[in-house]
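In the numbering used here, the protein residues as written are -19 to 484.
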């Protein structure tokens, strides 16, 4: 059930403990530079509207100790959790506020000026009044030249999901938002499909969405409720968001899904069709229709500071990159919204070989590769970053806050907490670890034998390691299996985490 303060947003259960690398400050700065806008450097503050449980913003704060982070959510349970996390981990550059966007928008100055304002998913889930409030907050808070990030479910890719979501909410209207209403909707859809319902033929994407829902529900039931059961659930074409964002004096800059800033990677006939668009907004719409876009990560700017033609190299020059993967195992096949893109080995291998020597400034990389022009170098680095092979390196990063933060999280995970993201100040962002890897971090920090330490922690939670679907016995059998499973982590990932300031 929803009440007036919820504005139609479902909040009877808590949201997931997510983290989204695309709104890391240095990731957004990279988008700005690629699109010809100087990154903001006025306030060193980021505001997240709809911060949920706060874990993601805490990871950002631990990884970027020189930036001040502010998280806002109207759900008191989630803000209580976020504040508890700050208290436990000792972070000093972050604060959380329980507040309603409509009320905040009515204030002359809701928060101190910020260089970045981000909102993950929230536009899809709230009504027009709340969306307008979000844009008014941005107008009052975001500095000139500042960046706003919005991610949202997009059309036309989500068209097939609309009947699925509507069916779910109809069952929820009758039986409440719960497992019963969700399973009733899935059962009804299966029955209609087996009966040959025409909607499955006219919208073939319903079948894949149904399969995805069945898999997701098994692991993350709360996500399903928050994604599909809002009474104000709305899908958007880009042109609609661009028009609304103008309320906050925002102009579209580019995509935090990095490959989507390179239209040249599209097949030539599609490029020609997109080039016929009468303006930028229509160009994005044409592109979304060409690739059947289902999720956008838009970066808007509030007053662009232009980069002149001769300035791009100087602004990129001092930025650094570092390898995050074994250079011999880096794939040159990149999965993008445009389809799979294959990098040319003669272009990428020399770049990888240079970065493999250690963190390097782009100016030095550019000098070391005289046969590669700057545009090609930047595109290659962009795709490598998208694929997780390269990170945007932060020189002389303060590692202490992240080490303390990660240590506390590893202890909490070892006690059963569902956290999965570790802060890395060396690249100003976070990475995903699974439960046993987190336990390995905890064992490492306590100078324990790692496989034996992980086994003890699993045993303490009364959990068993599974192999071929069967639980292993505690003790030697589990330790031996952990030695195999954690070998790559201990020899590869753990040294990387150390190098990037995540652990001692």
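Glycine residues also receive a C-beta, built at the ideal position from the N, C-alpha and C atoms.
Distance, residue j Cα to residue i Cα
| i | j | result |
| --- | --- | --- |
| residue 26 | residue 98 | 8 Å |
| residue 225 | residue 423 | 47 Å |
| residue 51 | residue 80 | 12 Å |
| residue 405 | residue 178 | 52 Å |
| residue 23 | residue 240 | 29 Å |
| residue 417 | residue 431 | 10 Å |
| residue 468 | residue 414 | 13 Å |
| residue 458 | residue 427 | 20 Å |
| residue 368 | residue 60 | 33 Å |
| residue 31 | residue 236 | 18 Å |
| residue 160 | residue 170 | 15 Å |
| residue 245 | residue 273 | 16 Å |
| residue 87 | residue 118 | 12 Å |
| residue 257 | residue 201 | 41 Å |
| residue 92 | residue 104 | 26 Å |
| residue 473 | residue 308 | 15 Å |
| residue 230 | residue 282 | 5 Å |
Residue i, buried or exposed, once every other Cβ within 10 Å from all chains shown has been counted against 16
| i | result |
| --- | --- |
| residue 400 | buried |
| residue -15 | No answer about residue -15 holds up, because its pLDDT of 42 lies below 50 and its placement is not dependable. |
| residue 67 | exposed |
| residue 90 | buried |
| residue 299 | buried |
| residue 290 | exposed |
| residue 146 | exposed |
| residue 133 | buried |
| residue 154 | exposed |
| residue 371 | buried |
| residue 387 | buried |
| residue 523 | Given a span of -19 to 484 for the chain in the structure shown, any question on residue 523 remains unanswerable. |
| residue 181 | exposed |
Beta-ladder partner(s) of residue i, from DSSP
| i | result |
| --- | --- |
| residue 27 | 50 and 97 |
| residue 372 | 301 |
| residue 279 | 129 and 234 |
| residue 74 | 49 |
| residue 412 | 401 |
| residue 17 | 286 |
| residue 134 | 216 |
| residue 451 | 446 |
| residue 341 | 300 |
Selected residue, minimal CA-CA separation from residue i, among the options
| i | options | result |
| --- | --- | --- |
| residue 208 | 138, 227 and 257 | 138 |
| residue 56 | 78, 44, 70 and 330 | 78 |
| residue 375 | 6, 1, 2 and -1 | 6 |
| residue 304 | 335, 18, -4 and 285 | 335 |
| residue 446 | 144, 176, 282 and 462 | 462 |
| residue 135 | 83, 112 and 214 | 214 |
| residue 311 | 365, 373 and 244 | 365 |
| residue 454 | 464, 20, 440 and 54 | 440 |
| residue 277 | -2, -3, -1 and 3 | 3 |
| residue 129 | 253, 33 and 8 | 8 |
| residue 318 | 340, 96, 302 and 248 | 248 |
| residue 382 | 123, 409 and 85 | 409 |
| residue 49 | 33, 76 and 70 | 76 |
| residue 465 | 479, 420 and 482 | 420 |
| residue 332 | 353, 357, -2 and 442 | 357 |
| residue 253 | 266, 242 and 479 | 266 |
| residue 485 | 190, 242 and 474 | In this structure the chain extends from -19 to 484, so residue 485 is not present and cannot be described. |
| residue 460 | 433, 477 and 484 | 433 |
| residue 238 | 14, 483 and 0 | 14 |
Delimiting residues of the beta strand (DSSP E) encompassing residue i
| i | result |
| --- | --- |
| residue 315 | 313 to 316 |
| residue 322 | 319 to 322 |
Alpha helix (DSSP H) segment containing residue i, residue limits
| i | result |
| --- | --- |
| residue 325 | 325 to 335 |
| residue 440 | 430 to 440 |
| residue 81 | 81 to 85 |
| residue 88 | Counting along the chain, residue 88 falls outside any alpha helix (DSSP H), and DSSP gives it neither H nor E. |
| residue 119 | 108 to 121 |
| residue 390 | 380 to 394 |
| residue 460 | 456 to 465 |
| residue 201 | 201 to 208 |
| residue 253 | 248 to 255 |
| residue 56 | 56 to 69 |
| residue 355 | 354 to 366 |
Residue i: CB within 6 Å of a non-hydrogen atom of the ligand PLP
| i | result |
| --- | --- |
| residue 238 | Although the ligand PLP was asked about, the structure shown includes no ligands whatsoever. |
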